[in-house]
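Student:
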Amino acid sequence: MRTRALAALVLAAFCNPAGAAEGKPQAAWVRLLDGSRDEVVRAEFVPSAEQPVGEVRLVRRGDAVVMQTVLRTKFLKRVVAEIRKKEMAAWPRDRQGHGDAVKYVDAVLAAQGGIQERFRRREDRGDRRQKMLIEFILSRRASIVAIAEPEITEEGGRMRVVSKRPIAVLELSRAYVRGNIYEIAWDALGLDRKESRDILEPMLPPESPAEAESSETERGQGISR
Amino acid sequence: MTSPEPDRGALSGLESFLAWLLGRGRYPYLALLLLATAGFSIFALRIGAEAETGSMVSRDKEQARSYAAFRSAFGNDEEVVLSVTHPRLFTPEGLRYLDGLTKEIGTLEGVLRVYSLTNARHAVNGPAGAESEPLVPRPLDAPGVSRRVLSALDDNPKLAGLLVSRDRRTAGITIEAGERTGDGAFPGDLTEAIRGVMARRAGDAELHLSGISVQKHDVAEFVRRDKALLVPLSMLVLAGMLAVTFRSVAGVLVPMAVKIVTLAWTMGAYALSGYRLNPITALLPPLIVILSISTSVHLYDGWLHIPEGEGDRARAIVRETRRLFVPSLYTALTTAFGLLSLAASDVPAVRRFGAFGAVGVFISFAVSVTLVPVALSFFPPLRRERMPHGGNGPPKRFLRAASRLSTERYRTVLAVALVLSLAGVAGIARVRNNTDLVRFLKPGAPLYRDTLFIDRNLAGVYALEFMVSRADGLPLTSPEDLRALAAFQGMASAQGAVAETYSIADVIGMIHAAETGGKSPRLPENEDDLLYGYDLLKADPEQPFLSKLVKGDLTVARVSVRIHAIGTAEAAPLVRTLLTGGKRILGERYALVPTGSFYQVTQDSNRLVRRQGASIALSLAAIVLAIHLLFRSPAVTVAALVPALVPVLLAGGFMGYAGIDLSTGTAMVAPVILGLVVDNTIHYVARYRQEYRGDAREAVGRTTMGAGRALTASSLILALGFGVGGFGSFKPTVHFSLLAGGTMLAALACALLILPACLVLSDRPADGVRR
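Residue numbers (the numbering used here), protein chains in the order written: chain Y, 1 to 225; chain Z, 1001 to 1771.
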């Protein structure tokens, strides 16, 4: 069960949001959620290329930056449970953003339940891996987390999302989304702090001084998972 | 009646050869013999003991195929169990002790995995479903550890059965060994290493060690010990017997020289064939020492009877050797046939024992008829007054009494023989077919004590393994599949000798209960949940249960039925019950294949008994043929067979009344003994035909007085020689030896009483006129 725990640990690290705002998909987000013209900047299998349970990708989507996590695992329930555990540890009750974290976790748990239910009714009994797509999206005007159930194929050994069934879109604080993009870059993409700053800063939209400070502070505190 | 008609041309050729041998050939022969003996001795002294017991298992193809499939799917089934009885087991002190012992054993060379209370994990319900958690929480001195561990054990009775005794005073450490090296031994001698740790760490605790590889290790040690003890001891006893019988240096040295040469050649040939000793073939050296005595004793005794003042001593020796050559050849043939009949066995060790025993008999014959004459040519003939029991001593009185009894009261003798034979037959019906690996050892042996202790306190020492697969070859991924396994286990658990049963159904049941928040194990009700359980197990490198309980492609499941230390007499019907019940429960949809090392022992024991009938029949047929060829008289053949069969019936009857089981060791007694006891008959009848001049009673009197001493001497020597095996480490060795020794004494009585009575009876023509 160590492998499962490790996988969950890694996934929890990059799926951990910091501050969230619930919201229904809006027309303005359609372009933000359209991955047809994604430009992948960096991608890594997690927890390892040998036994992947998912893939994490840093994507440029128009003017938005997307930290995309594609999960394809038999242990989705355990991965989500681990996400919840880490989220609650990172966003305790006395910290601002705890409410967003709870909403995010609830959304992920609910999504997992729905995926599980559809999984039980599936026609293809051969593949027992459940799939989930989590995207942290930051543009000039929006900061959202989108959860979906994707259809995945493999191309050249990489996972490719060919279609997706949207489940939830959460509008979260910019500092939260930005902070988590950094966290995922460190933990899942194998970048150190300088490398991640060198790659992400030119891509990410400029922030207000307050948000930038908040984000940097959290990074400085090392909210590592 | 006429004397045997040997090939005169061959015998005159023999006479010429012996004359040359006793003349110019003496020294070259002795030099050649010495050289060859030295050469064979080098190899004979290097024989080791088998580290594996593969040669003790039959070569049944179906059985071997199943076991190979089992090993291929589930790996090595040789687990070692170390029991730890500690006065304060469930205190921090006791748990620390167990933990230290577990960790130290885990570092030993050759150990693959170690499981015990302190490193075991169990499935508990967590936020994400089933979580694997240590059974004993850390730190070990944390408050409430003892209570939590005991509670967890109560919740997992199956796990508890493996890890701790019912009274919670004894814990078990299960040690999974790695693969053996090329020569069949574990690297670094694992058993010795574990015992070293036990000796160092025992302290307040009581430790016991058992398991198949420990049994193999100790059996190899016992074989080495027996080899070092029994051969010199039997040599000593036989030398003493020869000294008492013949009261001369030559009477001891000459037969002893024959023995040494025969032993060196036979065991040298055995070693050169690439074989090592096992509990069966460990009997070979003492057996050869014993079997090689007969011909040399008869030849030496014949030499003693060469009349005083015989001019040409060499010619007299040649004549005496020629007289005894044919009967000795036939006795060698019948003994060898008895041993060769063991070739009917499909256990390699038994076949090897028979084949090399026969080789030894022929070597002994060849050496006896050459070395004894050559050696005797160096000694002056004994003066009559120095001859052993030359006057009217007790032996002569004994022989005279035997002669009188067998001729004057032959009907009574035959009636008593008939009654005893019938009693023997009734006793044979009581003989139990039972091979008990533990009780093969003497009660004082550490392995005997350890194994029975572990058997009493933990979940059995043996396992009957079953492989269950779907008839359609599909993976066992349906909930019905696991329900079928569980039902089979339920039926097996209800059997008396069964301590516990384990299968993948138990583990999946525990995981599913933890996954769904249930307390008691329960099986998944749909395929997804079942496969999820498999996936969880597959992903857990800490708990490699899956590969031990189900084949990688999930098509074959293992049901391990742990049973107490019972013999095959109980195990064989248990196997039948489990198979019959299992097939009824599983139906046509599943295939049920029994296997495992203990199952093989059970089957082999049964097969051995069936083959024993074939061995005896073969031995008997060969003996009848040999006697008939020698004497060319159906009446004599029948008369000669009766005294050969009676001792065998008596030996079988004694086994039944004394409660001696028919096992791998004792099953060899009858065919071997049949070949031996007929020796007396052949020597007696050969002499009788020389003495017969129309009156059977007179001929019997002269034969008993003439050949009786050699028969008595060789029989007593054989009986005592076999008796040495009573000091063996294995009960089958002890039983084989004592039975064979006792049978030799019975055979002597038959040769001196029943055979003459039969000859007197067969000499009475139907018209009442004596021929």
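Positions of the beta carbon are idealized from the N, C-alpha and C atoms, including for glycine.
Buried or exposed: which applies to Ser1151 (chain Z), given that a residue is buried once 16 or more other Cβ atoms fall within 10 Å of its Cβ?
Tutor: Along the second sequence, one-based indexing puts residue 1151 (chain Z) at 151. Label assigned to Ser1151 (chain Z): exposed.
Student: Who are the neighbours of Ala81 (chain Y) on chain Z, taking C-beta pairs under 9 Å?
Tutor: Here residue 81 (chain Y) refers to the residue found at position 81 of the first sequence. Neighbours of Ala81 (chain Y) in chain Z, taken as residues at a C-beta separation under 9 Å, are given in chain order as Gly1126, Pro1127, Ala1128, Gly1129.
Student: If I follow the unbroken beta strand (DSSP E) through Glu44 (chain Y), where does it start and stop?
Tutor: Within the first sequence, numbered from 1, the residue matching residue 44 (chain Y) stands at position 44. From DSSP, the beta strand (DSSP E) with Glu44 (chain Y) extends over 39-46.
Student: From the DSSP output, in three-state form, read off Asn1076 (chain Z) for me.
Tutor: Start at 1 with the first residue of the second sequence, and residue 1076 (chain Z) comes out as number 76. Looking at Asn1076 (chain Z) - three-state DSSP - the assignment turns out to be coil, as it is neither helix nor strand.
Student: Within 8 Å (strictly less), CB to CB, does Tyr1532 (chain Z) reach chain A?
Tutor: As a matter of chain content, chain A is missing from the structure shown, whose protein chains are Y and Z.
Student: Can you name, in chain order, every residue of its own chain whose Cβ lies under 6 Å from the Cβ of Glu1691 (chain Z), other than the five neighbours on each side?
Tutor: Residue mapping note: residue 1691 (chain Z) aligns to position 691 of the second sequence, counting from 1. Closer than 6 Å at the Cβ level, and outside the excluded window around Glu1691 (chain Z), lie Ala1699, Arg1702, Thr1703.
Student: Measuring alpha carbon to alpha carbon, tell me which residue in Z:Leu1578, Z:Ala1591, Z:Thr1568, Z:Asp1301 is nearest Ala1557 (chain Z).
Tutor: Mapped onto the second sequence, residue 1557 (chain Z) falls at position 557. For the residues Z:Leu1578, Z:Ala1591, Z:Thr1568, Z:Asp1301, the minimum Cα distance to Ala1557 (chain Z) belongs to Z:Ala1591.
Student: Identify whether Lys74 (chain Y) lies in helix, strand or coil by the three-state DSSP scheme.
Tutor: In the first sequence, the residue the question calls residue 74 (chain Y) occupies position 74. If DSSP states are grouped into helix, strand and coil, Lys74 (chain Y) belongs with coil.
Student: Select from the stretch 97-126 of chain Y all residues with a C-beta closer than 7 Å to any C-beta belonging to chain Z, and list them in chain order.
Tutor: Against chain Z - using a Cβ distance shorter than 7 Å - the residues of the stretch 97-126 of chain Y are Arg120.
Student: Under 9 Å, CB to CB, which of the residues in the stretch 56-83 of chain Y have a partner in chain Z?
Tutor: Lys74, Phe75, Lys77, Arg78, Val79, Val80, Ala81, Glu82
Student: Assuming Thr1295 (chain Z) and Ser1345 (chain Z) make a contact with CB atoms under 8 Å, what is their CB distance in whole Å?
Tutor: For the purposes of this step, residue 1295 (chain Z) is taken as the residue at position 295 of the second sequence. For the purposes of this step, residue 1345 (chain Z) is taken as the residue at position 345 of the second sequence. Rounded, the Cβ-Cβ distance is 27 Å, inconsistent with contact.
Student: In this structure, how does DSSP classify Gln1495 (chain Z) when only helix, strand and coil are distinguished?
Tutor: Here residue 1495 (chain Z) corresponds to residue number 495 of the second sequence, with the count starting at 1. Three-state DSSP puts Gln1495 (chain Z) in coil, outside helix and strand.
Student: Taking all protein chains shown into account, do 16 or more other C-beta atoms lie within 10 angstroms of the C-beta of Lys164 (chain Y), making it buried, or fewer, making it exposed?
Tutor: If you number the first sequence from 1, residue 164 (chain Y) lands on position 164. The residue is buried, with at least 16 neighbouring Cβ atoms inside 10 Å.
Student: With burial defined as no fewer than 16 other Cβ atoms inside 10 Å of the residue's Cβ, what is the status of Ile1042 (chain Z): buried or exposed?
Tutor: The count along the second sequence starts at 1 and reaches residue 1042 (chain Z) at position 42. Classification of Ile1042 (chain Z): exposed, given that the 10 Å Cβ count is below 16.
Student: Do the CB positions of Ala1757 (chain Z) and Tyr1410 (chain Z) come within less than 8 Å of each other?
Tutor: Translated into positions along the second sequence, residue 1757 (chain Z) becomes position 757. Translated into positions along the second sequence, residue 1410 (chain Z) becomes position 410. In this structure, Tyr1410 (chain Z) lies closer than 8 Å to Ala1757 (chain Z) by Cβ.
Student: Please work out which residues of its chain come closer than 6 Å, Cβ to Cβ, to Arg1730 (chain Z), disregarding the five sequence neighbours upstream and downstream, and give them in chain order.
Tutor: Against the second sequence, residue 1730 (chain Z) aligns to sequence position 730. Checking the displayed sequence, the identity of residue 1730 (chain Z) turns out to be Phe instead of Arg. Within the same chain, Pro1279, Phe1440 come within 6 Å of Phe1730 (chain Z) by CB-CB distance, once the 5 residues on both sides are set aside.
Student: By the 10 Å Cβ neighbour count, where 16 or more other Cβ atoms means buried, how is Tyr1027 (chain Z) classified, buried or exposed?
Tutor: Residue numbering aside, residue 1027 (chain Z) sits at position 27 when the second sequence is read from its first letter. With fewer than 16 Cβ atoms within 10 Å of its Cβ, Tyr1027 (chain Z) is classed as exposed.
Student: Which term fits Asp1481 (chain Z), buried or exposed, when burial requires 16 or more other beta carbons within 10 angstroms of its beta carbon?
Tutor: Walking along the second sequence from the start, residue 1481 (chain Z) turns up at place 481. The residue is buried, with at least 16 neighbouring Cβ atoms inside 10 Å.
Student: In chain order, what residues of the stretch 122-154 of chain Y put their CB closer than 7 Å to some CB of chain Z?
Tutor: Arg128
Student: Whose C-beta lies closer than 7 Å to the C-beta of Gly1509 (chain Z) among residues of the same chain, with five residues either side of it excluded?
Tutor: Translated into positions along the second sequence, residue 1509 (chain Z) becomes position 509. Counting only Cβ-Cβ distances below 7 Å, and skipping sequence neighbours, we find Pro1521, Arg1522, Leu1523.
Student: I want to verify the contact list: residues of chain Z whose CB lies under 9 Å from the CB of Lys86 (chain Y), in sequence order.
Tutor: To locate residue 86 (chain Y), count along the first sequence from 1; it is residue 86. None at all; the shortest Cβ gap to chain Z is about 12 Å.
Student: Would you give the residue range spanned by the beta strand (DSSP E) that Ala977 (chain Z) belongs to?
Tutor: Nothing can be reported for residue 977 (chain Z): it is not among the residues displayed for chain Z, which extend from 1001 to 1771.
Student: I need the DSSP call for Lys1227 (chain Z), collapsed to helix, strand or coil.
Tutor: Sequence index remark: in the second sequence, residue 1227 (chain Z) carries index 227 (1-based). Helix at Lys1227 (chain Z).
Student: Answer yes or no: does any C-beta atom of chain Y fall closer than 8 Å to that of Asp1472 (chain Z)?
Tutor: For this step, residue 1472 (chain Z) is matched to residue 472 along the second sequence. Chain Y, which has no Cβ nearer than 8 Å to the Cβ of Asp1472 (chain Z), makes this no.
Student: For Val963 (chain Z), count neighbouring Cβ atoms within 10 angstroms of its own Cβ and tell me buried if that reaches 16, exposed if not.
Tutor: Any answer about residue 963 (chain Z) is impossible in this case: the structure gives chain Z only from 1001 up to 1771.
Student: Verify the CB distance criterion: does Asp1528 (chain Z) have a CB-CB separation below 8 Å to chain Y?
Tutor: In the second sequence, the residue the question calls residue 1528 (chain Z) occupies position 528. Yes, Asp1528 (chain Z) counts as interfacial toward chain Y.
Student: If we call anything under 8 Å between Cβ atoms a contact, is Leu1018 (chain Z) one with Pro1380 (chain Z)?
Tutor: As a first step, residue 1018 (chain Z) must be located in the second sequence, where it is residue number 18. As a first step, residue 1380 (chain Z) must be located in the second sequence, where it is residue number 380. Not a contact, by the Cβ cut-off of 8 Å.
Student: Contact between the stretch 1254-1266 of chain Z and the stretch 1744-1754 of chain Z is defined here as three or more beta-carbon pairs at a separation below 8 Å; is this criterion met?
Tutor: no
Student: Give the single residue among Z:Ala1429, Z:Ala1123, Z:Thr1637, Z:Phe1722 whose Cα lies nearest to the Cα of Gly1656 (chain Z).
Tutor: Looking up residue 1656 (chain Z) in the second sequence gives position 656. Residue Z:Ala1429 is the option with its Cα nearest to Gly1656 (chain Z).
Student: Using the beta-carbon of each residue, which ones in chain Y are nearer than 8 Å to Asp1535 (chain Z)?
Tutor: The residue given as residue 1535 (chain Z) occupies position 535 in the second sequence. Chain Y residues near Asp1535 (chain Z): Lys74, Phe75, Arg128.
Student: Within 10 angstroms of the Cβ of Ala1038 (chain Z), are there 16 or more other Cβ atoms? Answer buried if so, exposed if not.
Tutor: For the purposes of this step, residue 1038 (chain Z) is taken as the residue at position 38 of the second sequence. Under this definition Ala1038 (chain Z) is an exposed residue.
Student: Give every residue of the same chain whose Cβ lies closer than 7 Å to the Cβ of Glu1015 (chain Z), excluding the five residues on either side of it in the sequence, and list them in chain order.
Tutor: By one-based count along the second sequence, residue 1015 (chain Z) stands at place 15. Hits under 7 Å: Val1318, Arg1322.
Student: Would you mind reading off the limits of the alpha helix (DSSP H) that contains Phe1453 (chain Z)?
Tutor: Taking the first residue of the second sequence as 1, we reach residue 1453 (chain Z) at position 453. From DSSP, the alpha helix (DSSP H) with Phe1453 (chain Z) extends over 1446-1457.
Student: My output table needs one value for Gly1182 (chain Z): the three-state DSSP class, helix, strand or coil.
Tutor: Here the question's residue 1182 (chain Z) lines up with position 182 in the second sequence. Low confidence applies to Gly1182 (chain Z): its pLDDT is 49, below 50, so where it sits in the model is not reliable, and the reading given next is rough at best. Coil, per DSSP.
Student: From the beta carbon of Glu22 (chain Y), is the nearest beta carbon of chain Z less than 8 Å away?
Tutor: Here the question's residue 22 (chain Y) lines up with position 22 in the first sequence. Because the pLDDT of Glu22 (chain Y) is 39, which lies under 50, any placement of that residue in the model is unreliable, and the question is left without a value.
Student: Specify, as a first and last residue, the run of the beta strand (DSSP E) that Asn1125 (chain Z) falls within.
Tutor: Position 125 of the second sequence holds residue 1125 (chain Z). Unbroken beta strand (DSSP E) run through Asn1125 (chain Z): 1121-1126.
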